[in-house]
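>
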Amino acid sequence: MFDRVLTVDWSGRSKPSPVAPCADAIFTCYGDQFTLSHPIYHRTRQSAMDYIHTVVETVKDQKGTTLIGFDFSFGYPRGFAERLTGSSDVRSLWRCLADRIQDDAQNANNRFPVAADINGIFPGVGPFWGAPANVQYADLPHKGSQRQGHGLPEFRATEDGIKGAQSSWKLFTTGSVGSQALLGIARLHQLVSRFPDIHLWPFDGRIPPAFNGVVLAEIFPSIFALDQDDLIQRFPDQAYHINDAVQVRTSTEAFLQVRRADWDAAYPSDLLDDRVREEGWIAGISMTKGTLWSHHHH
Numbered sequence: 032m033f034d035r036v037l038t039v040d041w042s043g044r045s046k047p048s049p050v051a052p053c054a055d056a057i058f059t060c061y062g063d064q065f066t067l068s069h070p071i072y073h074r075t076r077q078s079a080m081d082y083i084h085t086v087v088e089t090v091k092d093q094k095g096t097t098l099i100g101f102d103f104s105f106g107y108p109r110g111f112a113e114r115l116t117g118s119s120d121v122r123s124l125w126r127c128l129a130d131r132i133q134d135d136a137q138n139a140n141n142r143f144p145v146a147a148d149i150n151g152i153f154p155g156v157g158p159f160w161g162a163p164a165n166v167q168y169a170d171l172p173h174k175g176s177q178r179q180g181h182g183l184p185e186f187r188a189t190e191d192g193i194k195g196a197q198s199s200w201k202l203f204t205t206g207s208v209g210s211q212a213l214l215g216i217a218r219l220h221q222l223v224s225r226f227p228d229i230h231l232w233p234f235d236g237r238i239p240p241a242f243n244g245v246v247l248a249e250i251f252p253s254i255f256a257l258d259q260d261d262l263i264q265r266f267p268d269q270a271y272h273i274n275d276a277v278q279v280r281t282s283t284e285a286f287l288q289v290r291r292a293d294w295d296a297a298y299p300s301d302l303l304d305d306r307v308r309e310e311g312w313i314a315g316i317s318m319t320k321g322t323l324w325s326h327h328h329h
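Numbering of the sequence shown is given in the working numbering, commencing with residue 32 and proceeding in unit increments.
1) May I ask you to list the residues that DSSP assigns as paired with Arg230?
2) Closest to Glu249 by CA distance: which of Arg131, Thr189 and Val90 is it?
3) State yes or no: is the C-beta of Arg35 within less than 8 Å of the C-beta of Val90?
4) According to the Cβ coordinates, are Arg308 and Cys60 closer than 8 Å?
5) Residue ranges of each alpha helix (DSSP H) run of no fewer than 4 residues wholly in the segment 178-238, ordered along the chain?
6) Assign Gly236 to one of two classes, buried (16 or more other C-beta atoms within 10 Å of its C-beta) or exposed (fewer than that).
7) From Ile57 to Trp125, what distance separates their C-alpha atoms?
8) Contact check, Thr319 vs Asp293 under 8 Å by CB: the rounded distance?
9) Would you grab the beta carbon distance between Thr96 and Phe186 for me? Rounded to a whole angstrom, and I think it's under 8 Å.
10) Quick one: using the 10 Å Cβ neighbour count with 16 as the cut-off for buried, is Gln177 buried or exposed?
11) State buried or exposed for Ser42, treating a residue as buried only when at least 16 other CB atoms are found within 10 Å of its CB.
12) Could you give the C-beta distance for His84 and Leu222, rounded to a whole number, given that I count them as a contact under 8 Å?
13) Could you give the uninterrupted runs of the beta strand (DSSP E) lying entirely in the segment 246-281, keeping only those of 3 residues or more?
14) How about Gly117 and Pro154: do their beta carbons lie closer than 8 Å?
15) Going straight from the alpha carbon of Asp120 to that of Trp324, what length do you get?
16) Using beta-carbon positions only, say whether Leu257 and Gln278 come within less than 8 Å of one another.
17) Are the beta-carbon atoms belonging to Gln64 and Leu287 less than 8 Å from one another?
18) Which whole-angstrom value describes the C-beta separation of Phe103 and Ala212, a residue pair presumed to lie in contact below a C-beta threshold of 8 Å?
19) Give the range of the beta strand (DSSP E) segment to which Phe143 is assigned.
20) So, at 6 Å on beta carbons, what are the nonlocal neighbours of Met80 in its own chain, with the 5 sequence-adjacent residues on each side left out?
21) Nearest by alpha-carbon distance to Leu262: which of His69, Thr38 and Ala54 is it?
22) If you draw a straight line from the alpha carbon of Ile254 to that of Gly315, how long is it in whole angstroms?
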């Protein structure tokens with residue numbers, strides 16, 4: 032199904048991560064049908080995107096399909112995009128968020144004031160919430176329970192089947208994914224603006240058979256079982272003592288093994304409906320009883 036795969040474990044940090052590889056930072060892992068590279072550690076979103084742009088530039092005209100997977104949500108619960116942009120189209124949403132977000136080469140960014148501004152567009156209090164105690168904006172509550180009347184669902188359809196899934200609206204504290212998405216989407220907008228032929232899955236519908244080009248999709252690395260001890264023993268000089276590094280390697284390996292028939296069974300065209308094309312969907316989570324890994328990955 033995929034001839035080349037690049038997976039990205041993203042980060043919402045506000046400063047560069049340390050020189051030595053560490054957890055909760057950005058890791059990427061590239062592989063093809065012949066080789067699987069070790070994960071690369073990136074200290075800033077800018078350096079990660081420079082690398083990703085280079086990869087896209089290199090592979091975009093090669094024969095075969097390249098999957099690039101990022102571990103943050105590409106869309107928001109139903110109703111958000113239309114209220115914000117007047118359309119449920121994901122590219123309009125990405126452009127709108129990218130116009131607001133500032134994120135410099137050292138990770139300094141304005142995600143909290145942007146979230147507060149967006150909250151001001153919606154009725155009631157919310158939907159975004161969560162910030163450090165010293166970050167005070169009238170329209171950005173510190174607790175999720177302080178929100179009311181904003182009128183949006185807490186989760187997307189794709190998150191319904193995931194135990195312990197975090198909501199896109201939560202911007203701060205353990206496990207929050209909201210900041211990663213705001214900052215990530217702004218970067219994805221730049222990527223697809225430069226390379227407009229990229230297929231945004233599932234927003235652009237099914238991936239054509241024998242597709243020559245790049246597919247961009249959302250992934251959820253923690254669905255894969257990890258064999259961390261084995262990797263640490265085999266490659267002691269690599270960063271496999273860090274969970275994130277193991278997860279991107281495992282994810283890349285898993286997507287290289289997906290068969291077209293299993294993909295089509297998990298994502299039949301008729302299920303890529305309006306809601307899915309608005310909210311997005313996690314590649315790797317089946318929409319049917321079918322599984323993407325008919326052998327050893329679950």
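Positions of the beta carbon are idealized from the N, C-alpha and C atoms, including for glycine.
So, from the listed chains and residues:
1) The amino acid at residue 230 is misidentified as Arg; the sequence shows His. His230 is bridged to Val246.
2) Considering only Arg131, Thr189 and Val90, the residue with the shortest C-alpha distance to Glu249 is Thr189.
3) yes
4) no
5) 209-225
6) So Gly236 ends up on the exposed side.
7) 21 Å
8) At roughly 11 Å, the Cβ-Cβ gap does not stay under 8 Å, so Thr319 and Asp293 are not in contact.
9) Thr96 to Phe186, Cβ: 30 Å. No contact.
10) exposed
11) buried
12) 7 Å
13) Here no run is fully enclosed.
14) no
15) 30 Å
16) yes
17) yes
18) 4 Å
19) First-last for Phe143: Arg142 to Ile152, but that is the alpha helix (DSSP H), not the beta strand (DSSP E).
20) If we look at Met80 and ignore the five residues flanking it on each side, its Cβ neighbours are Arg218.
21) The shortest C-alpha separation from Leu262 is found at His69.
22) 8 Å
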